[in-house]
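> Could you have a look at this structure, given as structure tokens, before my questions?
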Amino acid sequence: MPFPPPQFLCGIANTLIVEERSYNVEAMNQEHQNLHSNLNTNQLEIYDAITDSVYNKRGNVFFVYGSGGCGKTFLWRTIIARLRSEMKIVLRLLQHQGLQLFCYQEVEQHIPGSRFH
């Protein structure tokens with residue numbers, strides 16, 4: 000099967016970046032504060048490990064597992080709200096029956112037609 004033209008792929012990538020950069024920073028910051036204040040001890044330990052890896056550019060891979068209702072999604076929402084409140088890009092790469100894979104990337108590039116440079 001042939002690959003789509005590069006300009007098409009670039010347009011999709013730019014759209015995703017623009018969408019990720021269009022979040023209301025104040026709302027994301029408020030959501031992060033509300034969610035973070037409700038993390039339990041185990042969630043907070045995982046939160047600290049993941050955010051430490053992000054901010055220190057360690058590039059670690061984390062597998063967060065547990066039974067249904069233990070707060071995995073709540074943890075991810077908290078982390079994502081923090082990163083988005085700082086205008087960082089977080090893309091959900093996979094979600095399947097409780098398995099979620101996210102990609103965090105700081106993008107420093109000019110996006111044509113965008114206010115983000």
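Note that numbering that gives the first Met the number 0 numbers the sequence shown so that position 58 is 57, with each residue one more than the last.
The C-beta atom is built at its ideal place from N, Cα and C for all residues, glycine as well.
Tell me the DSSP secondary structure of Leu74 in three-state form.
Translated into positions along the sequence shown, residue 74 becomes position 75. Note: Leu74 maps to helix in three-state DSSP.
> Could you check what DSSP says for Val89 in three-state terms: helix, strand or coil?
Numbered from its first residue, the sequence shown carries residue 89 at position 90. Reduced to three states, the DSSP call for Val89 is strand.
> Does the beta-carbon of Glu136 have 16 or more other beta-carbons within 10 angstroms, so that it is buried, or is it exposed?
As displayed, the chain neither begins before 0 nor continues past 116, which places residue 136 out of reach and without an answer.
> I'd like the list of long-range same chain contacts for Ala80, defined as Cβ closer than 7 Å, with 5 residues on each side in sequence excluded.
Numbered from its first residue, the sequence shown carries residue 80 at position 81. Taken in chain order, the residues that qualify are Met27, Glu30, His31 and Leu34.
> Going by DSSP in three states, Ser66 sits in which element: helix, strand or coil?
For the purposes of this step, residue 66 is taken as the residue at position 67 of the sequence shown. Ser66: coil per DSSP, three-state reduction.
> Please look up how many angstroms separate the CB atoms of Val24 and Ser84, rounded, as I've assumed it's under 8 Å.
By one-based count along the sequence shown, residue 24 stands at place 25. By one-based count along the sequence shown, residue 84 stands at place 85. In this structure Val24 touches Ser84 by the C-beta definition: roughly 6 Å separates them, less than 8 Å.
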